[in-house]
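Colleague:
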Amino acid sequence: KKKEPEDGLIIEDTGKEVNRAPLASLDIFGDKYFKDLYIAGNPVYFSALNSYDPEGAALKYTWEIDGLEIKDLEPSINFSSQLLNGYSKDYILSESREELACFFNEPGQYNIKLTVSDGILEDSEEITVSVGIQDMVIEPVKEHNFNVVVECLLTNKSSIKLKNIECYLRTPQDYYPFQVINKITPSISAVDEVFDDEWNLLTHLKFDKSLSIGKSKEFKASITANVTMYEYNFKRIETKGMDYESFDDDLHQYTQEDLYIDITNPVIIDAAKKAVGSETDPVKKARKIYNYVTSKLYYDFPRAKEKNYKLMNASEILKAGKGVCADYSILYIALLRASGIPSRFIGGIPVTLVLDQKNSQLDVGHAWVEVKLPGYGWIPIDITQEKGFMGTDYFLNLATEKGVGYLYGSLTMDWSSYYFDGFRYGWDGMNAPNVEQKIIYRIEDLDLKNIETLN
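Read in the numbering used here, the sequence shown has 103 at position 103, and its numbers run on one by one without any break.
As structure tokens, this is what we get:
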């Protein structure tokens, strides 16, 4: 027998289930400096995570850029004329192949095509991305090229053997002109790359299945990033009369309440009004809030010595009157957002501070803020240093993590929700092993005496 469905397709009624085609869904993310114009030299992210198969079949993902297929995790095509000193790869494809980061260094339009297949049927979606070169907002004082080593040290303090060893290490990406990643070298060749929910990159190191770590044994995994960074001054751009564009997505996304950033708290609302007063210029408002925070907080050195200090809400930080880098950043972001200024939390490696340590290594990271200002776009502000708003920046802060995911690291969450730094492992038996992990940052081929601003 034959039957005719409502859509007019003629199919044979065999009593068997009919395989339906999967649905491709392609989403785009990244920093823009005007409408839908993405910034050359910075990553533009593409996601296939919303693609699905009606029968729940596993999907195969195929990506094309201007008609050229990406076949593996190594760069196989060149869609950049390297007008800027760009990332050593043209793209990063996650190990699941569901996420793609592209580094477009040449302005223009690029066609991205996603095809998903269940092995029988397939579906495709295409998107055109426009890329432009943003005007330089900094004046370099001195350029530095050096290596940053991110190492995780695992120590097994129990008699239980560890097996199925793997490690995730947060990995810096290009954020032109503030940091340029020339090359990433992992300590082993068996690696993949994954993105967390905030599009932060992690290198996934996977060790041989025969590897086990016994009692009192130590094991290390690392990546080495060769980077280019600058000491710089901000250009003085006339922003009088400038404001945010009404269509700017960041104006909505980064002025909302978030974890620890309690902008609807009366304490924060009142403080923001006191800090800003009648000022309407976003740059001047950001400066006034900076000065307000630095006048209300002093650095809490005892808290800094605690490895696992408890994070506080912005309102609690203001009441406490003291804090460490995360506290300064949380409070600054809360007051900025309460004043309608887009801002976000940044975590990473404080290169100049690391250089000031013995053997140029440190086992704690750093936090600062990115603020989006008319005429400037997204710029880093390290308020903890208290060196003045948009003053000479010689800190060489290397961002590895953007967004509040850094703050979620203080909560108990499972691996499917959030990628933590460090080792994952298994063991036999019901008793959990006693294991210690430590992330160590080390700087090579750079010395404190090379920092011109300090000398």
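Virtual Cβ for every residue (Gly too), placed ideally from N, Cα, C.
By alpha-carbon positions, which one of Val-129, Asp-53 and Ile-65 ends up nearest to Asp-118?
Modeller: Asp-53
Colleague: Using three-state DSSP, classify Pro-282 as helix, strand or coil.
Modeller: helix
Colleague: Closer than 8 Å by C-beta to Val-227: which residues in its own chain qualify, once you throw out the five before and the five after it? Chain order, please.
Modeller: Asn-145, Phe-146, Asn-147, Val-148, Pro-172, Gln-179, Val-180, Ile-181, Asn-182 and Leu-398
Colleague: Tell me which residue opens and which closes the alpha helix (DSSP H) that Ser-329 is part of.
Modeller: 325 to 338
Colleague: For Lys-99, does the count of other Cβ atoms within 10 angstroms reach 16, so buried, or fall short, so exposed?
Modeller: Note that residue 99 is Glu in the sequence shown here, rather than Lys. With 16 or more Cβ atoms within 10 Å of its Cβ, Glu-99 is classed as buried.
Colleague: Would you check if the segment 243 to 259 and the segment 197 to 205 touch, i.e. whether three or more CB-CB distances between them fall below 8 Å?
Modeller: no
Colleague: Can you pull the DSSP bridge partners for Val-194?
Modeller: Leu-202
Colleague: On the premise that Ile-138 lies in contact with Pro-186, defined as a C-beta separation below 8 Å, what is that separation, rounded to the nearest angstrom?
Modeller: Pro-186 to Ile-138, Cβ: 31 Å. No contact.
Colleague: In the DSSP assignment, the beta strand (DSSP E) including Pro-380 goes from what residue to what residue?
Modeller: 377 to 381
Colleague: Does DSSP put Asn-359 in a helix, in a strand, or in coil?
Modeller: helix
Colleague: In the DSSP output, what is Tyr-441 paired with across the bridge?
Modeller: Per the DSSP secondary-structure output, Tyr-441 pairs in a beta bridge with Val-150 and Leu-362.
Colleague: According to DSSP, is Val-276 helix, strand or coil?
Modeller: helix
Colleague: Could you work out which residue in Gly-132, Glu-125 and Val-351 is closest to Gln-109 when comparing CA atoms only?
Modeller: Of the listed residues, the one whose Cα sits closest to Gln-109 is Gly-132.
Colleague: Below 9 Å between beta carbons: does that hold for Asn-111 and Gly-41?
Modeller: no
Colleague: For Gln-179, list the residues DSSP reports as bridge partners.
Modeller: Note: Gln-179 sits in a beta bridge opposite Tyr-175 and Met-229.
Colleague: Does the distance from the CB of Ile-213 to the CB of Lys-161 come in under 9 Å?
Modeller: yes
Colleague: Does DSSP classify Tyr-290 as helix, strand or coil?
Modeller: helix
Colleague: Could you compute how far the alpha carbon of Glu-55 sits from the alpha carbon of Glu-95?
Modeller: 23 Å
Colleague: Rounded to whole angstroms, what's the CA-CA distance from Lys-217 to Gln-385? Just pull it up for me.
Modeller: If you draw a straight line from the Cα of Lys-217 to the Cα of Gln-385, it is about 39 Å long.
Colleague: Any Cβ of chain C within less than 9 Å of the Cβ of Ala-40?
Modeller: Of the protein chains in this structure there is only one, and it is not chain C.
Colleague: Does Leu-318 pass the burial test, meaning 16 or more other C-beta atoms within 10 Å, or should it be called exposed?
Modeller: Here Leu-318 is buried. Its C-beta has 16 or more other C-beta atoms within 10 Å.
Colleague: Ser-124: which of Leu-153, Thr-62 and Pro-107 sits nearest, CA to CA?
Modeller: Thr-62
Colleague: Label Met-136 either buried or exposed according to how many other C-beta atoms from any shown protein chain fall within 10 Å of its C-beta, with 16 as the threshold for buried.
Modeller: exposed
Colleague: Give a yes or no on whether the C-beta atoms belonging to Lys-322 and Leu-297 are separated by under 9 Å.
Modeller: yes
Colleague: Start and end of the beta strand (DSSP E) containing Asp-135?
Modeller: Note, Asp-135: premise wrong, no beta strand (DSSP E); not H, not E.
Colleague: Is the segment 309 to 316 in contact with the segment 219 to 226, if contact means three or more CB pairs nearer than 8 Å?
Modeller: no
Colleague: Buried or exposed: Asp-428, going by 16 or more other Cβ atoms within 10 Å of its Cβ?
Modeller: exposed
Colleague: Taking all protein chains shown into account, decide if His-366 is buried (16 or more other Cβ within 10 angstroms of its Cβ) or exposed.
Modeller: buried
Colleague: To which residues does DSSP link Asp-393 through a beta bridge?
Modeller: Tyr-232
Colleague: Does the distance from the C-beta atom of Arg-170 to that of Tyr-254 stay below 9 Å?
Modeller: no
Colleague: So Val-194 and Leu-202 are supposed to be a Cβ contact under 8 Å. How far apart are they, rounded?
Modeller: 5 Å
Colleague: Are the segment 332 to 341 and the segment 349 to 358 touching, with three or more C-beta to C-beta distances below 8 Å?
Modeller: Under the Cβ criterion (8 Å, minimum of three pairs), the segment 332 to 341 does not count as touching the segment 349 to 358.
Colleague: May I have the straight-line CA-CA distance separating Pro-369 from Val-435, to the nearest angstrom?
Modeller: At residue 369 the sequence reads Val, which differs from the Pro that was named. Taking the straight line from one Cα to the other gives about 33 Å.
Colleague: Following the continuous alpha helix (DSSP H) through Arg-303, name the residue where it begins and the one where it ends.
Modeller: 301 to 304
Colleague: Identify which residue in Ala-21, Leu-23 and Tyr-38 has its Cα closest to the Cα of Gly-377.
Modeller: Tyr-38
Colleague: Go ahead and pull the three-state DSSP assignment for Ser-80.
Modeller: The predicted model places Ser-80 with a pLDDT of 40, which falls under 50 and marks its position as unreliable; any figure quoted below should be read in that light. Note: Ser-80 maps to coil in three-state DSSP.
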